[in-house]
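Residue numbers (full-length UniProt numbering): 1 to 95.
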């Protein structure tokens, strides 16, 4: 699947809009059509080059909301059409 993305190719450089290829979701992954996202201080920190965990190229904007397009074969918690917020931190789903 092709889509456009604002890419951070290198630290401390302007973002560039490019068309990229996305593979379908792997077994435990979810493909989300992002409807809205923000750029927060974490993104600015990464883009500055000061973030020791920053890896380039990168698509910034991890605080977003969207709709599930496709799910991997082992995903049971969401289905296509569900409205979701992506969260990259592990959660126990108990508390």
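Yeah, the Cβ is synthetic: ideal placement off N, Cα and C, and Gly gets one too.
Can you give me the C-alpha to C-alpha distance between residue i and residue j, rounded to a whole angstrom?
i          : j          : result
residue 95 : residue 78 : 19 angstroms
residue 20 : residue 93 : 33 angstroms
residue 74 : residue 32 : 16 angstroms
residue 41 : residue 27 : 32 angstroms
Tell me, to the nearest whole angstrom, how far the beta carbon of residue i is from that of residue j; I am working on the premise that it is less than 8 angstroms.
i          : j          : result
residue 8  : residue 60 : 6 angstroms
residue 72 : residue 86 : Residue 72 to residue 86, Cβ: 15 angstroms. No contact.
residue 68 : residue 30 : 6 angstroms
residue 17 : residue 2  : Not quite, the Cβ-Cβ distance comes to about 13 angstroms (not below 8 angstroms), so this is no contact.
What residues are listed by DSSP as bridge partners for residue i?
i          : result
residue 50 : Answer is none; residue 50 lacks a bridge partner.
Report yes if the C-beta distance between residue i and residue j is below 8 angstroms; otherwise report no.
i          : j          : result
residue 25 : residue 53 : no
First and last residue of the beta strand (DSSP E) that includes residue i?
i          : result
residue 32 : 30-38
residue 2  : 2-8
residue 12 : It is not in any beta strand (DSSP E) - residue 12 carries neither H nor E in the DSSP assignment.
May I ask you to check if the CB of residue i is nearer than 7 angstroms to at least one heavy atom of the ligand GDP?
i          : result
residue 87 : Ligands displayed in this structure: none; no statement on the ligand GDP is therefore possible.
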